[in-house]
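In the numbering used here, the protein residues as written are 138 to 483.
Note that beta-carbon positions come from the ideal geometry of N, C-alpha and C, so glycine has one too.
Note that this is a predicted model, so its numbers are computed, not measured.
Written below as structure tokens is the structure these notes are about.
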């Protein structure tokens with residue numbers, strides 16, 4: 138059987154395991170985006186999210202001139218996605234010129250020369266800076282719409298735990314793997330999702346600064362037992378040389394001079410696991426291979442990022458089904474970019 142035919146059969150098998158129409162529609166669009174690079178398919182996914190519809194409604198009801206605070210990645214995404222609303226300009230202290238005909242001005246220029254209009258904050262890197270500068274300039278209230286805050290609210294309160302089908306699979310003792318603990322917010326959200334049941338967390342975070350943040354968060358969660366491991370996840374115990382790529386949908390690639398100790402879930406965890414979350418910058422495939430025993434034996438709930446690499450959309454669910462063909466899949470998307478598509482398996 139040719140490789141192309143194997144791929145087609147794999148995709149068909151994955152599609153037949155999707156549990157609802159929203160997931161089937163999203164899978165088709167995400168697959169076509171991966172195969173063609175045509176961003177219209179990704180835009181179709183984004184426009185069906187609650188986040189996009191909320192921002193769209195706010196813009197539609199706003200009859201004033203509209204400005205975007207940031208000419209960086211997220212500012213450009215906002216300008217492109219909502220181009221029909223005719224923004225009047227962008228505000229950025231670090232960039233000059235224009236973007237697609239929109240003049241870019243400094244915050245001082247804006248505050249001194251624009252007496253009306255609404256400012257839409259769209260920056261994660263300079264979110265606090267923009268908020269403080271607008272407040273200092275006396276621009277606040279309904280003149281400021283914090284789009285970044287809306288995005289962060291989705292990341293911290295919906296992603297990985299909002300799927301209604303998960304609740305029917307909550308167990309009396311939930312054992313959660315936080316692969317890519319980052320700042321600990323996902324572990325905290327897991328504890329809220331699990332409620333009053335017994336809770337155990339295995340959190341993996343190789344970055345020293347993030348490790349300390351995770352520890353501070355985990356220590357404050359009541360009625361929780363946890364292990365915080367200062368390693369990344371892979372298919373074995375080793376040290377990898379990685380760098381983070383800078384393109385949208387960041388992922389780990391070899392050869393960057395950053396040494397990361399990694400391990401496998403099968404090597405660390407002896408007993409039962411009920412829920413595995415993975416967002417580990419493109420290492421998901423190898424990390425799933427390193428959890429094969431746990432997945433085969435316990436069939437835990439899975440929430441796995443499938444956006445770091447184009448092939449993730451067929452390779453990751455295909456690998457999961459090779460371990461446990463009884464899974465049902467669901468797809469959900471949680472941002473205004475191509476990042477944050479999550480595959481759930483229950």
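Can you round the beta-carbon distance between residue 557 and residue 401 to whole angstroms, since I take them to be within the 8 angstroms contact cut?
Residue 557 lies beyond the stretch modelled for the chain, which goes from 138 to 483, so this question has no answer here.
Whole alpha helix (DSSP H) elements within the segment 417-476, 4-residue minimum
421-426, 429-435 and 449-460
Return the first residue and the last residue of the alpha helix (DSSP H) that residue 294 is part of.
Looking up residue 294 in the chain shown gives position 157. Residues 284-294.
Going by alpha carbons, who is nearest to residue 210 out of 473, 145 and 483?
Within the chain shown, numbered from 1, the residue matching residue 210 stands at position 73. Comparing Cα positions, the closest option is 473.
Grab me the residues of residue 264's own chain with a C-beta within less than 6 angstroms of its C-beta, minus the 5 sequence neighbours each way, in chain order.
Reading the chain shown from its first residue, position 127 is the one you call residue 264. These residues qualify, in order along the chain: 285.
Could you give the C-beta distance for residue 464 and residue 458, rounded to a whole number, given that I count them as a contact under 8 angstroms?
As a first step, residue 464 must be located in the chain shown, where it is residue number 327. As a first step, residue 458 must be located in the chain shown, where it is residue number 321. Their Cβ separation, rounded to whole angstroms, is 6 angstroms, which keeps residue 464 and residue 458 in contact under 8 angstroms.
Tell me the DSSP secondary structure of residue 377 in three-state form.
Locating residue 377 in the chain shown gives position 240, where the first residue counts as 1. Looking at residue 377 - three-state DSSP - the assignment turns out to be strand.
Suppose contacts are defined by Cβ-Cβ distances below 8 angstroms. Is residue 207 in contact with residue 248 by that definition?
Here residue 207 is taken as the residue at index 70 of the chain shown, counted from 1. Here residue 248 is taken as the residue at index 111 of the chain shown, counted from 1. Going by C-beta atoms, residue 207 is not nearer than 8 angstroms to residue 248.
So residue 226 packs on residue 240, CB below 8 angstroms; how close in whole Å?
Residue numbering aside, residue 226 sits at position 89 when the chain shown is read from its first letter. Residue numbering aside, residue 240 sits at position 103 when the chain shown is read from its first letter. That pair is a contact at about 5 angstroms.
Please report how far the alpha carbon of residue 231 lies from the alpha carbon of residue 275, in whole angstroms.
Along the chain shown, one-based indexing puts residue 231 at 94. Along the chain shown, one-based indexing puts residue 275 at 138. Going by the C-alpha atoms only, they are around 21 angstroms apart.
Taking residue 148 and residue 451 to be in contact with their CB atoms under 8 angstroms, please state how far apart those CB atoms are, rounded to whole angstroms.
Numbered from 1 along the chain shown, position 11 holds the residue referred to as residue 148. Numbered from 1 along the chain shown, position 314 holds the residue referred to as residue 451. About 5 angstroms separates the two Cβ atoms, so the contact holds.
If you follow the alpha helix (DSSP H) that residue 481 is in, where does it begin and where does it stop?
Your numbering for residue 481 matches position 344 in the chain shown. No alpha helix (DSSP H) holds residue 481; the beta strand (DSSP E) holding it covers 478-482.
Take residue 370 and list the residues in its own chain whose beta-carbon comes closer than 6 angstroms to its own, dropping the five residues that flank it on each side.
Mapped onto the chain shown, residue 370 falls at position 233. Closer than 6 angstroms at the Cβ level, and outside the excluded window around residue 370, lie 316, 341, 417 and 424.
Assign residue 187 to one of two classes, buried (16 or more other C-beta atoms within 10 Å of its C-beta) or exposed (fewer than that).
The count along the chain shown starts at 1 and reaches residue 187 at position 50. Exposed: under 16 other Cβ atoms inside 10 Å.
Measuring CB to CB, does residue 128 end up less than 8 angstroms from residue 281?
Only positions 138 to 483 of the chain appear in this structure, which leaves residue 128 out of reach.
With a 10 Å radius around its C-beta and 16 neighbouring C-beta atoms as the bar for buried, classify residue 385 as buried or exposed.
Taking the chain shown and counting its residues from 1, the one referred to as residue 385 is at position 248. Low confidence applies to residue 385: its pLDDT is 40, below 50, so where it sits in the model is not reliable enough to give any reading.
I believe residue 167 touches residue 478 by the beta-carbon criterion, under 8 angstroms. Please report the beta-carbon distance rounded to the nearest angstrom.
Taking the first residue of the chain shown as position 1, residue 167 is located at position 30. Taking the first residue of the chain shown as position 1, residue 478 is located at position 341. Right, their Cβ atoms sit about 6 angstroms apart.
Bridge partners of residue 269, per DSSP?
Here residue 269 corresponds to residue number 132 of the chain shown, with the count starting at 1. In the DSSP output, where bridge partners are listed per residue, residue 269 has none listed.
Take the Cβ of residue 351 as the centre, count every other Cβ of all protein chains shown within 10 Å, and call the residue buried at 16 or more, exposed below.
For the purposes of this step, residue 351 is taken as the residue at position 214 of the chain shown. Counting Cβ neighbours within 10 Å, residue 351 comes out buried, since at least 16 surround it.
In this structure, does DSSP put residue 352 in helix, strand or coil?
The residue you call residue 352 lines up with position 215 of the chain shown. Residue 352 falls in the helix class under three-state DSSP.
In angstroms, rounded to a whole number, what distance separates the CA positions of residue 428 and residue 357?
Within the chain shown, residue 428 is the residue found at index 291, counting from 1. Within the chain shown, residue 357 is the residue found at index 220, counting from 1. The straight-line gap from Cα to Cα measures roughly 28 angstroms.
Which one of 363, 287, 475 and 449 has the shortest CA to CA distance from residue 312?
Within the chain shown, numbered from 1, the residue matching residue 312 stands at position 175. Ranking 363, 287, 475 and 449 by Cα distance to residue 312 puts 363 first.
CB of residue 406 within 8 angstroms of CB of residue 431, strictly:
Here residue 406 is taken as the residue at index 269 of the chain shown, counted from 1. Here residue 431 is taken as the residue at index 294 of the chain shown, counted from 1. Yes, the Cβ-Cβ distance between residue 406 and residue 431 is below 8 angstroms.
Which class does residue 257 belong to by DSSP, given the choice of helix, strand or coil?
Taking the first residue of the chain shown as position 1, residue 257 is located at position 120. Correct three-state label for residue 257: strand.
Pull up the DSSP beta-bridge partners for residue 362, would you.
Mapped onto the chain shown, residue 362 falls at position 225. Per DSSP, 337.
Taking the DSSP output, what are the residues bridged to residue 415?
Translated into the one-based positions of the chain shown, residue 415 becomes position 278. Its beta-bridge partners are 316 and 441.
Would DSSP call residue 384 helix, strand or coil?
The count along the chain shown starts at 1 and reaches residue 384 at position 247. Any reading at residue 384 is ruled out, since the residue's pLDDT is 43, under 50, leaving its predicted position unreliable.
Residue 347 to residue 319, Cα distance in whole Å?
One-based indexing of the chain shown puts residue 347 at position 210. One-based indexing of the chain shown puts residue 319 at position 182. One C-alpha to the other measures close to 5 angstroms.
When you compare each of 195, 453 and 408 to residue 419 by their alpha carbons, which one comes out closest?
Counting from one through the chain shown, the residue named residue 419 turns up at place 282. Cα-wise, what sits closest to residue 419 is 453.
Take the Cβ of residue 293 as the centre, count every other Cβ of all protein chains shown within 10 Å, and call the residue buried at 16 or more, exposed below.
Working through the chain shown from its first residue, we reach residue 293 at position 156. Residue 293 should be labelled exposed.
At 4 residues or longer, what runs of the alpha helix (DSSP H) sit wholly inside the segment 157-191?
158-173 and 176-184
Do residue 163 and residue 170 have their C-beta atoms closer together than 8 angstroms?
As a first step, residue 163 is located in the chain shown; it is residue number 26 there, counting from the start. As a first step, residue 170 is located in the chain shown; it is residue number 33 there, counting from the start. Contact flag unset, no.
Are the beta-carbon atoms of residue 287 and residue 191 separated by less than 8 angstroms?
Counting from 1 along the chain shown, the entry for residue 287 is found at position 150. Counting from 1 along the chain shown, the entry for residue 191 is found at position 54. It is a contact, given that the beta carbons lie within the stated cut-off.
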